[in-house]
Structure formats: C-alpha cells, structure tokens
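Take a look at the structure set out below.
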Amino acid sequence: MSPLSRSSSLLDDLARDALDPAYTAAAARRAASPGAGTAGARTAGARTPVAGTRRGRAWAVWLLLAVFGVGLAFAVHRQSVRAPEVARARGALIVDIRSRTAADRSLATQINGLQTDTARQRAAALSQSRTGADLNTRIAGLDAVVGGTAVHGAGVTLRLSDAPATRNPTAGAGNAPDDILAPVAGRILDRDVADAANALWAAGARAVAVGGVRLTATTAIRTAGDTILVGFTPLQSPYDLVAVGDPDRLVAGIADSAAGRRLAGYHTTSGIGFSIARGLALTVPAATLTMPRLARESDR
Amino acid sequence: MIGALALAVGLVVGVVLKPTAPSWLDPYLPIAVVAALDAVFGGLRAALEKVFDDKVFVVSFISNVLVAALVVFLGDKLGVGGQLSTAVVVVFGIRIFANAAAIRRHVFKA
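Okay, structure coming up:
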C-alpha cells in the first residue's frame, strides 16, 4: 500500500475524530469488563459505590449542561448589546466631526474678515506719509502674489474626482482599517492635485485655490490616511481647483502640460473625473496668513 | 431527557438573570461557548450511538473550554490573536458539523 493512501488529510482527521475516540474507548472498556459497567450497577447490590459515583457523574453532566446554557444565553446577550453600542459611538463621532467642522469654518470666516479689516486700517495708516505710501504699494503688489487678498476675475475651474466605486466596500464597515490604505485604481492622490495646481501656475494663473483654500507659497498638499489635506483643511472628492487668469491660456496650458496629459490618460483608463470649465467671474479667496515674524519700527 | 431539561434550565436562567461577567472575559466568551458547543454535540452523538460516558463528557467539556481559552490567550500575547481564534473556530465548526450530520443520520435515519 502506498504511503499516500494511509496518510489522511487534516480535514479527514477532523471529521473522523468528531466523535471523540474516548467515547468508543470507554464503551469498549465497559464491554470488556461487564461487571463494572452500567449493566452491573443496576443488578448487583455490591456495586453501590460504583453506582454512587455514576450518579455523581450524571449530576456533573447535568450541571455542565446548565452552565453551558447560561454561558450561551450570556454570550448571545453580550453580542446583541455590543453592536448598537458601536453604532452609537460612531454616530456620536460623526455629529462631533460635523459640529467641529462648522465651528472651524465660522472661525476661518471670522479670521478673513479681521484680516481684511486690518489690511484696510494698515493702508489708511501708511498713506499718511511718503515712505508709508511706498510701503503701501509694495504690500499691495506682494499681497496679490502671496495670497493675502481675494482675487476676482475670469478663469477656469478644474475638477478632479475619484472614479466611481473605487471605495473599498469593506473599509470603514467595522473591518480592519488597513484596507483603506490599499492602493485602489481610480483614486485621486495628493500628487495629482499638486501636479494640477502646478500646471495651472505654469499656464499663467494669477491665483489658485483648491476646495476653497488659497494656495500660497507655503501651502502643502498632502495625504493623511484616506484624505487629502490642503494646508490643514481635509478635502473629499471631487476636488475643485479654481484659477484666475486668462481662460484660453489656462485651458491650453493644462492640455499641453505633462500633468494634464497624464490625468487625461487616467480619465480614459481608470475613469477618474477630469474636467475644465471656464468662468467669467470667479473668486479665489484670500489665504489665512501667519503672523509676521520680523517687525521694524518705522521712522515717522 | 434530563440533559435537555438541564440545558433548557440553564438557558432560561441565563436569559432571565442576565448575569454580568468581568469585561476581561469578553474576548474569550464566544470561543468558550463554541468549544462547549462542540463538546455538547459530541456528547449528544455519543448518546445516540449508545457509547455515552459521563466522565468522557465532563473531561472533554472542561478541557475544550480551557484549551480554547488558552489558545486565544496565547495568540493575543503573541500577536496572532485573530488568526488563532479563527483557526480554533474553524476546527470546532468542522467537528460540530460532522457531529450534527451523524446526529441527523441517527434521528431521521436519513
């Protein structure tokens, strides 16, 4: 007989030993010595100690079955209680996120308003002297480049969006979060947004904003987990890049750029959303600038 | 059978009393219940095949529960907790199915 036919697979062993071999062995032992088994216990009075042990063991069996019943009911109860708790916690987190984001937005609007106010008062104060007026002109010119003031005018809106149904269906449903980081074709990366923004700059945009966040010289576009962060603002697909400049030049520039060609290729192969729309009266909001670090008292 | 009655009593007690167990038991509870379920099914099949032995049942019940809990505990400490508990559940699941099929054959003669 070849070794293969004698060896059995793990599954065969499992299925075959499902009836614990100890049962058959015990039954064989009982059959081999008939006086010490069930048949003997009932008839021979001299077997009372064994019968007593048997009764004790029977009670153990019933006790264990009762304990098993309690454990089963308990485990089922615990499981049924846990799922709604998880859902409740998640719901509370979502409410928290929404309210904090709204508070964040209102604070940002407040900052913008105060910045505009400060700029106006600064201009008024500076215009009182000649050196001040020169400074005013320099500031106005730098502001437009740096992003301190909102810019209005004609331009384009470039929209990038994830391909539909690229979201990992099991991610976020209570499964391991590692699934979210698995590369999925058709998802816009921070690199794509950054390349598109750079292409807009190269095509002659005067000001660019992504998702309502003005791009300055120090704005970073990066990924945190599943989300793209522009500055410190998390954004979701679709990503709108608004650029103010000559619309025709911008559209042509994007189409010619390496980034534009690559994104158009992804649009064909992976189904990401990639579209440009011209606009006549676009607004690129001002950036929230950091505090100046160097100040020199002016001579009046 | 008295055994079925004992089980039913246990279930009722568990549902009515709603006992609480310390929370560190939580990860081991489902595995322990599955291990106990395997022992119960094995005992039921042995009873139907007329080879039931109480000592074997008690020992197999307790050792199943303890070994399953130990394997899960060890797996947690080693960092393969999820995989080991999956393996334990798979093994017990196969045995439960095999025993249930044998019980079905005995009960329905089919």
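Protein sequences appear in the order of chains A and B.
Counted the way this note's numbering counts, the first sequence spans residues 1 to 300.
Counted the way this note's numbering counts, the second sequence spans residues 301 to 410.
For glycine and all other residues, C-beta sits at the position ideal for the given N, C-alpha and C.
Just to make sure I have the definition right: I need the residues of chain B whose C-beta is within less than 9 Å of the C-beta of residue i. Which are they?
| i | result |
| --- | --- |
| arginine 78 of chain A | Ala321, Asp326, Leu329 and Pro330 |
Would you say residue i and residue j are within 8 Å of each other, going by their C-beta atoms?
| i | j | result |
| --- | --- | --- |
| arginine 191 of chain A | aspartate 162 of chain A | no |
| valine 356 of chain B | alanine 26 of chain A | yes |
| arginine 199 of chain A | isoleucine 221 of chain A | Looking at the sequence provided, one finds alanine at residue 199 of chain A rather than arginine. No, Cβ-Cβ distance for alanine 199 of chain A and isoleucine 221 of chain A is not below 8 Å. |
| aspartate 20 of chain A | glycine 342 of chain B | yes |
| valine 151 of chain A | alanine 140 of chain A | no |
| glycine 204 of chain A | proline 285 of chain A | no |
| leucine 160 of chain A | proline 234 of chain A | no |
| aspartate 353 of chain B | arginine 395 of chain B | no |
| valine 365 of chain B | alanine 73 of chain A | no |
| isoleucine 403 of chain B | leucine 307 of chain B | no |
| proline 164 of chain A | glycine 271 of chain A | yes |
| valine 436 of chain B | valine 333 of chain B | Summary: the structure shown does not reach residue 436 of chain B, with chain B confined to residues 301 through 410, and so no result is reported for it. |
| alanine 196 of chain A | leucine 263 of chain A | yes |
| glycine 148 of chain A | alanine 207 of chain A | no |
| glycine 155 of chain A | glycine 260 of chain A | no |
| tyrosine 328 of chain B | valine 391 of chain B | no |
| leucine 107 of chain A | isoleucine 276 of chain A | no |
| aspartate 368 of chain B | isoleucine 331 of chain B | Reading off the sequence, residue 368 of chain B comes out as alanine, not aspartate. It is a contact, given that the beta carbons lie within the stated cut-off. |
| serine 260 of chain B | glycine 375 of chain B | The shown model of chain B, from 301 to 410, leaves out residue 260 of chain B, and the question about it has no answer. |
| alanine 336 of chain B | tyrosine 23 of chain A | no |
| alanine 378 of chain A | asparagine 136 of chain A | A question about residue 378 of chain A goes unanswered here, because the residues of chain A that appear run from 1 up to 300. |
| alanine 202 of chain A | glycine 253 of chain A | yes |
| glycine 69 of chain A | glycine 310 of chain B | yes |
| leucine 93 of chain A | valine 358 of chain B | no |
On the CB-based measure, 16 or more other CB atoms within 10 Å of its CB, does residue i come out buried or exposed?
| i | result |
| --- | --- |
| asparagine 175 of chain A | At asparagine 175 of chain A the pLDDT is 45, less than 50, meaning the model places this residue with poor confidence; the figure from the coordinates comes in the next sentence. Looking at its Cβ environment, which holds fewer than 16 other Cβ atoms inside 10 Å, asparagine 175 of chain A is exposed. |
| glycine 231 of chain A | buried |
| arginine 42 of chain A | Its pLDDT being 46, under 50, arginine 42 of chain A is placed unreliably in this model, and the coordinates cannot settle the point. |
| tryptophan 59 of chain A | exposed |
| proline 247 of chain A | buried |
| valine 81 of chain A | exposed |
| leucine 11 of chain A | exposed |
| leucine 215 of chain A | buried |
| alanine 28 of chain A | exposed |
| alanine 243 of chain A | buried |
| alanine 287 of chain A | buried |
| valine 95 of chain A | exposed |
| glycine 225 of chain A | exposed |
| threonine 219 of chain A | buried |
| valine 86 of chain A | exposed |
| glycine 113 of chain A | exposed |
| glycine 71 of chain A | buried |
| alanine 125 of chain A | exposed |
Note down, in chain order, every chain A residue with its Cβ under 7 Å from the Cβ of residue i.
| i | result |
| --- | --- |
| phenylalanine 361 of chain B | Leu64 |
| phenylalanine 357 of chain B | Val61 |
| alanine 336 of chain B | Phe68 and Gly71 |
Listing by chain order, which chain A residues have their CB less than 8 Å from the CB of residue i?
| i | result |
| --- | --- |
| arginine 345 of chain B | Ala18 and Leu19 |
| lysine 377 of chain B | Within chain A, no residue comes near lysine 377 of chain B; the closest Cβ sits about 20 Å away, beyond 8 Å. |
| alanine 308 of chain B | Gly69 |
| glycine 303 of chain B | Val61, Trp62 and Leu65 |
Under the DSSP definition of a beta bridge, which residues are partnered with residue i?
| i | result |
| --- | --- |
| isoleucine 221 of chain A | A/Val230 |
| arginine 159 of chain A | A/Asp240 and A/Ser275 |
| arginine 214 of chain A | A/Ala209 |
| glycine 153 of chain A | A/Leu282 |
| leucine 235 of chain A | A/Ile228 |
Name the chain B residues whose beta carbon is nearer than 8 Å to that of residue i?
| i | result |
| --- | --- |
| threonine 24 of chain A | Val351 |
| alanine 27 of chain A | Lys350, Val351 and Asp353 |
| asparagine 11 of chain A | Rather than asparagine, the amino acid found at residue 11 of chain A in this sequence is leucine. Simply Ile394. |
I want to verify the contact list: residues of chain B whose CB lies under 7 Å from the CB of residue i, in sequence order.
| i | result |
| --- | --- |
| alanine 15 of chain A | Ile394 and Ala398 |
Listing by chain order, which chain A residues have their CB less than 9 Å from the CB of residue i?
| i | result |
| --- | --- |
| valine 313 of chain B | Ala66, Gly69, Val70 and Ala73 |
| lysine 318 of chain B | Ala73, Phe74 and His77 |
| alanine 402 of chain B | Ala18 and Leu19 |
| valine 333 of chain B | Phe68, Gly71, Leu72, Phe74, Ala75 and Val76 |
Residue i CB to nearest chain D CB: under 8 Å?
| i | result |
| --- | --- |
| glycine 342 of chain B | No chain D appears in the structure shown, which is made up of the protein chains A and B. |
Any C-beta of chain B within less than 7 Å: which residues of the region 58-76 of chain A qualify? When C-beta distances to chain B are compared with 7 Å, the residues of the region 58-76 of chain A below that value are Ala58, Ala60, Val61, Trp62, Leu64, Leu65, Ala66, Val67, Phe68, Gly69, Val70, Gly71, Leu72, Ala73, Phe74 and Ala75, in chain order.
Between the region 132-164 of chain A and chain B, which residues of the former have CB atoms less than 9 Å from a CB of the latter, in chain order? Legend: CB atoms of the region 132-164 of chain A lying less than 9 Å from CB atoms of chain B are not found in any residue.
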